[in-house]
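First residue of the sequence shown? That's 40 in the working numbering, and the numbers climb one at a time after it. Glycine included, C-beta positions come from ideal geometry on N, C-alpha and C. Structure first, then comments.
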Amino acid sequence: MASKHEWRFFRAGGFDQVRISSGADMLALDELDQKLWVALSCPAHGIEFDAHTLELIDTDGDGHVRAPEVIAAVKWAGSVLKDPDWLIKGVDTLPLSAINEETEEGRKLLAAARHILTGLGKPDAESICPEDVADTRKLMAALPFNGDGVVLPGASDDASVNRVMQEIMDCLGSVEDRGGEGGVSEDTVKSFFEQARTYATWWSNGADNPEVFVLGAQSLDALAAFQAVKTKVDDYFTRCRMAEYDPRAAMPLSRSLEDYQLLAGKELGAATAELAGFPLATVGAGQSLPLDGRINPAWSELIDALKRAVVQPLLGAREALSQAEWQDLTARFAPLESWMAQKPQTAVECLGAERIQAICAGTIQSVLEEMIVKDKALAEEVEAIASVDRLLYYCRDLNVLVNNFVSFNHFYTGEGKATFQAGTLYLDGRSCELCVKVEDVNKHAVLANLSRVCLVYCECTRKGGAEKMTIAAAFTAGDSDQLMVGRNGVFYDRKGNDWDATIVRILEHPISIRQAFWAPYKRIGKMVGEQLQKLAAARSQAVESKMTAATVEAAHKHAEAAKPGAPVPVPAPAAPPTPFDISKFAGVFAAIGLAVGALGTALASVVTGLLNLKWWQMPLAVLGAFLIVSGPSMLIAWFKLKQRNLGPILDATGWAVNARARINIAFGKSLTGEAVLPGNAARHLVDPFADKKSHWPFYVGFLLLVALAVWVLWRMGIRIDLL
């Protein structure tokens with residue numbers, strides 16, 4: 040869709056960026072093709088921007104601010120202002136006259152603003168600021184009725200009502216209100232009382248029926264004792280009936296002698312698991328269940344509980360229980376078991392039947408519902424106060440966000456630091472302006488490595504390590520020779536606080552063309568130095584080994600000579616010197632000769648070729664030699680420096696960068712400052728501790744220049760008579 044608004048763009052970072060400098064530009068953002076937006080999403084934390092403003096814009100609370108949310112914030116703010124240019128002024132104080140009274144929402148917002156100022160003791164104030172709303176916001180969040188439909192315990196003067204609210208929260212959980220406190224809502228109140236009435240109805244159907252509660256108030260305890268042994272008692276009487284059917288079954292159904300022998304070697308107790316599998320008592324045809332000490336020890340306590348809670352109250356004193364009596368008890372408890380099977384599954388059961396019935400019998404539900412209606416009635420007033428808060432923060436901060444979201448105006452023009460710039464790192468004689476906060480170094484490095492930027496990850500600490508954070512700093516000027524893990528620097532955050540910074544990881548990429556030019560020579564020098572160090576170390580180790588062996592041998596001979604009665608050693612006659620056999624070294628001499636010859640031939644060819652050139656061709660030849668060595672390295676570095684991209688660095692922190700935000704060589708130099716002496720500084724060049732310089736290089740150089748001058752004159756046909 041074509042935009043009716045007349046947009047202006049500026050070129051920076053290798054792409055066109057929209058210039059937003061008026062309220063009309065802000066209001067027309069929905070007409071700007073989002074393909075032209077530099078970013079489409081940014082994190083709602085970890086950037087240098089007011090957290091409360093980001094929270095207001097992030098309406099879905101997902102931790103990211105996206106393009107539709109930015110557009111919605113701008114549209115709403117513009118609709119309640121007379122002049123949309125207030126959105127780009129970034130003011131901390133908004134005149135009340137700037138609010139548009141011609142709309143219904145504007146009138147409510149203006150009334151709420153005046154109400155806030157009156158409550159703060161400033162009824163005649165003509166302007167309002169975020170600080171005025173901050174205390175009001177806290178006050179409204181702490182009010183018992185604040186328009187969110189959530190009522191807190193303590194909101195009522197009736198202690199019984201507050202008690203029920205707390206019980207609702209204990210059973211069903213709480214609902215968070217504006218102030219972050221837990222309370223009850225319309226849904227939780229309704230659900231609680233529905234469950235309470237269901238439970239109370241079920242309880243009344245059983246508690247009022249004597250056939251169900253066979254033992255009155257003790258019926259439930261008796262049922263628990265009955266059900267604890269029901270299956271085992273049924274098992275015992277079934278075994279007795281089998282013995283009555285066939286007397287031969289009595290012995291094996293009581294468990295065999297071998298089963299008892301398996302227990303003989305164990306330490307037995309009432310809690311031994313194997314005992315629970317044995318019958319309650321010895322099986323016999325028509326035998327009753329003994330209720331005395333002849334019971335399986337694993338079940339004796341439960342049988343005693345059955346005797347006290349069930350048998351004695353219903354059948355009287357008994358020493359044994361017949362099968363017919365057991366069937367009678369089973370029949371008596373059948374209605375109670377059936378009733379218990381119908382018990383509804385509710386969250387209110389923990390309160391107890393007596394408390395639940397008391398709650399249902401009162402009028403507390405209607406009281407709570409009236410309180411919630413009263414709270415909701417204040418929704419518009421409270422929302423208007425919240426709208427004042429939103430408008431003030433939008434007027435102050437939206438312009439900054441848009442110029443760091445729709446375009447990266449602040450970053451590329453230098454008018455201010457971008458929201459993603461966490462501060463400045465000072466390290467290795469340089470200051471790095473492009474520093475971003477990082478949560479996970481390894482995760483960030485995977486994507487950020489595609490930026491082709493040399494990134495240095497630093498762990499930053501303050502106050503002895505009590506405060507910590509991690510940053511990624513971009514080095515875009517100088518070289519990386521002295522950048523190494525473990526080096527320390529100082530990081531200054533956007534508030535001016537200084538942090539101790541230590542390098543923990545480095546992403547190696549070219550920093551400058553100058554570094555690429557000298558890189559081959561540095562590598563060759565490093566390789567030669569390492570080889571010389573290895574050679575010197577090997578020779579030193581060989582000498583030390585020979586000296587150690589000689590010392591040990593001399594000490595051994597001295598010790599042998601010092602023994603009593605030891606013969607005086609007679610020095611052995613010196614062996615005649617081995618005659619030099621040149622044949623053994625023929626190969627070595629041949630190799631050395633070939634090497635010297637090859638080097639001499641190569642050097643002679645270079646010198647001859649150089650001398651055959653005209654005098655103006657010699658500098659070009661030297662320059663060509665340098666280009667042959669350094670050219671490939673410089674070319675590769677140039678291509679990589681042209682490909683440096685800000686996008687992967689930000690994407691790895693949660694941004695959605697929508698443009699190819701390049702960091703070219705010129706812009707990169709502005710992001711990393713190198714040490715430069717002040718223009719009016721006085722400089723003393725005499726260094727008392729400088730290395731002593733040898734004059735021989737100058738002598739040799741001078742002689743070479745003289746020889747070159749003589750040769751050039753000779754080639755030009757000019758004869759010089761030195762005599």
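Which of the three DSSP states is assigned to residue 226 in this structure? Helix, per DSSP.
State yes or no: is the C-beta of residue 87 within less than 8 Å of the C-beta of residue 460? Yes.
Buried or exposed: residue 405, going by 16 or more other Cβ atoms within 10 Å of its Cβ? The residue is exposed, with fewer than 16 neighbouring Cβ atoms inside 10 Å.
Curious, which full-length alpha helix (DSSP H) runs of at least 4 residues does the stretch 76 to 100 contain? Qualifying alpha helix (DSSP H) stretches, in chain order: 90 to 96.
Helix, strand or coil: which one does DSSP assign to residue 329? Assigned with DSSP and collapsed to three states, residue 329 falls in strand.
Alpha carbon to alpha carbon, how far is residue 694 from residue 685? Give it in angstroms, no decimals. Taking the straight line from one Cα to the other gives about 11 Å.
Taking all protein chains shown into account, decide if residue 527 is buried (16 or more other Cβ within 10 angstroms of its Cβ) or exposed. Classification of residue 527: exposed, given that the 10 Å Cβ count is below 16.
Taking the alpha-carbon of residue 407 as reference, which of 122, 206, 351 has the nearest alpha-carbon? Checking every option, the nearest Cα to that of residue 407 belongs to 206.
According to the Cβ coordinates, are residue 85 and residue 692 closer than 8 Å? Going by beta carbons, residue 85 and residue 692 fall inside the 8 Å limit.
Between residue 104 and residue 81, how many whole angstroms is the CB-CB distance? I'm expecting something under 8 Å. With 8 Å as the limit, residue 104 and residue 81 qualify as a contact, their Cβ atoms being about 5 Å apart.
Using 8 Å as the cut-off, can you tell me whether the stretch 360 to 374 makes contact with the stretch 271 to 288, which would need three or more C-beta pairs spanning the two stretches below that distance? Under the three-pair Cβ rule at 8 Å, the stretch 360 to 374 counts as touching the stretch 271 to 288.
Helix, strand or coil: which one does DSSP assign to residue 426? The three-state secondary structure of residue 426, taken from DSSP, is helix.
Just the C-alpha distance for residue 43 and residue 68, rounded to the nearest angstrom, thanks. If I take the Cα positions, the gap works out to 11 Å.
Output the residue ranges of the beta strand (DSSP E) runs that lie fully inside the stretch 451 to 525 and measure 3 residues or longer, sorted by chain position. Here the runs fully enclosed are 462 to 466, 469 to 471, 474 to 477, 493 to 501, 506 to 514.
With a cut-off of 8 Å, do at least 3 Cβ pairs link the stretch 540 to 551 to the stretch 515 to 525? Touching, yes.
From residue 375 to residue 256, what distance separates their C-alpha atoms? The alpha-carbon atoms of residue 375 and residue 256 are separated by roughly 12 Å.
Starting from the C-beta of residue 191, find all residues in its chain whose C-beta is less than 7 Å away, skip the five residues before and the five after it, and write them out in chain order. So the list reads 183, 216, 220, 222, once near-sequence residues are dropped.
Option nearest residue 143 by Cα separation, candidates 160, 169, 115: Of all alpha-carbon atoms in 160, 169, 115, the one lying nearest the alpha-carbon of residue 143 is that of 115.
Backbone CA spacing between residue 516 and residue 76 [nearest angstrom]: Distance between the alpha carbons of residue 516 and residue 76 is about 29 Å.
Give the DSSP bridge partners of residue 166, in chain order. The beta-bridge partner set that DSSP reports for residue 166 consists of 134.
Only counting the same chain, and skipping five residues up and downstream in sequence, which positions put a Cβ closer than 6 Å to that of residue 344? The residues are 264.
Tell me whether residue 635 is buried or exposed, calling it buried when 16 or more other Cβ atoms sit within 10 Å of its Cβ. Because the pLDDT at residue 635 is just 48, under 50, the model does not fix this residue reliably, and the value given afterwards should be weighed accordingly. With a 10 Å radius around the Cβ and a threshold of 16 neighbouring Cβ atoms, residue 635 comes out exposed.
Whole alpha helix (DSSP H) runs in the stretch 379 to 442 with 4 or more residues, listed along the chain? Taking only runs of at least 4 residues, the alpha helix (DSSP H) segments lying wholly in the stretch 379 to 442 are 392 to 400, 403 to 416, 418 to 441.
Simplified DSSP assignment, three categories, for residue 215: In this structure, residue 215 counts as strand in the three-state DSSP scheme.
How big is the Cα-Cα spacing for residue 237 and residue 385? Going by the C-alpha atoms only, they are around 9 Å apart.
Do residue 141 and residue 188 have their C-beta atoms within less than 8 Å of each other? Cβ distance not < 8 Å, so residue 141 and residue 188 don't count as in contact.
So, does the stretch 424 to 443 touch the stretch 119 to 136, judging by three or more C-beta pairs under 8 Å? Yes, since at least three Cβ pairs between the stretch 424 to 443 and the stretch 119 to 136 fall closer than 8 Å, the two stretches touch.
Three-state secondary structure (DSSP) at residue 619? Caution is warranted here: a pLDDT of 48 is assigned to residue 619, below 50, making its placement in the model unreliable, and no coordinate value can be reported.
Give a yes or no on whether the minimum CB-CB distance between residue 302 and chain B is below 8 Å. Looking for chain B here will not work: only one protein chain is present.
Would you check if the distance between the CB atom of residue 452 and the CB atom of residue 480 is smaller than 8 Å? Pairing residue 452 with residue 480 gives a Cβ-Cβ distance that is not under 8 Å.
Determine the DSSP secondary structure at residue 155, reduced to helix, strand or coil. For residue 155, the three-state secondary structure derived from DSSP is helix.
Burial state of residue 299, where buried means 16 or more other Cβ atoms lie within 10 Å: Counting Cβ neighbours within 10 Å, residue 299 comes out exposed, since fewer than 16 surround it.
Just mark residue 65 as buried or exposed, buried being the case when its beta carbon has 16 or more other beta carbons within 10 Å. Within 10 angstroms of the beta-carbon of residue 65 lie 16 or more other beta-carbons, which makes it buried.
Please report the distance separating the alpha-carbon of residue 466 from that of residue 168. Using only the alpha carbons, I get a separation of about 40 Å.
Which residues share a DSSP beta bridge with residue 235? Beta-bridge analysis with DSSP links residue 235 to no other residue.
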